[in-house]
Every structure is written in C-alpha cells, then in structure tokens.
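Under numbering that gives the first Met the number 0, the first residue of the sequence shown is numbered 0, with each subsequent residue one higher. From the three backbone atoms N, C-alpha and C, an ideal C-beta is built for every residue, glycine too. Working notes for the structure below.
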Amino acid sequence: MPPRRLLSHYKVDSRRDRLLTVLCNAEDMLLPRSNFTFTEYDSNFNVVQKQNFRIPDHLMIHDWAFPDTHYIVFSNRIKLDVLCKN
C-alpha cells in the first residue's frame, strides 16, 4: 500500500471551477490519529490551495463534503483491538 492514499471520491466545485481531493496516511489506519491533506486544483491542474489537518483520533472515513468555507469529513470513531495468539 502506498504511504499516502486518496480518500473515497474527488469532488468538483463548479462554482469556483476547481477539482478537490483528499489524501490520508495509510499508517493512520492502525494508529490513533488521522492526517488529511485537502488539495484544490484549477482547470489546468495547478494546485491552488493545499491544507493539512491532523485529528488526534482513530477514524474510519468514507466520504466528505465542502460548503463555501469548510471541509467536512464524515467519520466514524473506531477502536482497533488486535489480539495476538501465541
């Protein structure tokens, strides 16, 4: 698995003519933290804006949304409990 992966679906902001993507760290699937990078591209695929966020919690993310001034991540809190059998 690559160290960074795209999260679910990209979005298109037709009002501002931008493509929006979200990346997360693959290792965060096993750790009690969640790192997200939101990137916005113009119509020529130039990066217009990039923001990183760290949430100190173990989350399961599938989808997200964007109103005018925020990014919204729909998440479920999870607890990873791995049992080692000897």
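Quiz item: Apart from the five residues on each side of it in sequence, which residues of its chain come closer than 6 Å, Cβ to Cβ, to D62?
Solution: As a position in the sequence shown, residue 62 is number 63, starting the count at 1. Here the set comprises S7 and F73.
Quiz item: Roughly how many angstroms lie between the CA atoms of T68 and I60, to the nearest whole one?
Solution: Taking the first residue of the sequence shown as position 1, residue 68 is located at position 69. Taking the first residue of the sequence shown as position 1, residue 60 is located at position 61. Going by the C-alpha atoms only, they are around 20 Å apart.
Practice problem: Spell out the partners DSSP gives I71 in its beta bridges. | Solution: Here residue 71 refers to the residue found at position 72 when the sequence shown is read from its first residue. The partner list for I71 (beta bridge, DSSP) reads A64.
Quiz item: Which residues in the same chain as K78 place their Cβ atom closer than 8 Å to its Cβ, once the five residues preceding and following it in sequence are excluded?
Solution: One-based indexing of the sequence shown puts residue 78 at position 79. So the qualifying residues of the chain are H57.
Practice problem: Tell me N43's beta-bridge partners as DSSP assigns them. | Solution: Locating residue 43 in the sequence shown gives position 44, where the first residue counts as 1. Paired residue(s): none; N43 is not in a bridge.
Self-check item: Straight-line Cα distance separating L82 from N51
Solution: What you label residue 51 is simply residue 52 of the sequence shown in a count that begins at 1. What you label residue 82 is simply residue 83 of the sequence shown in a count that begins at 1. Using only the alpha carbons, I get a separation of about 33 Å.
Quiz item: Going along the chain, which residues of its own chain have a beta-carbon closer than 7 Å to the beta-carbon of D27, five neighbours each way excluded?
Solution: Within the sequence shown, numbered from 1, the residue matching residue 27 stands at position 28. Only S33 and N34 meet the Cβ criterion.
Quiz item: Looking only at its own chain, which residues have a Cβ that is under 8 Å from the Cβ of V11, when we skip the five neighbours before and after it?
Solution: Within the sequence shown, numbered from 1, the residue matching residue 11 stands at position 12. These residues qualify, in order along the chain: R17, L18 and L19.
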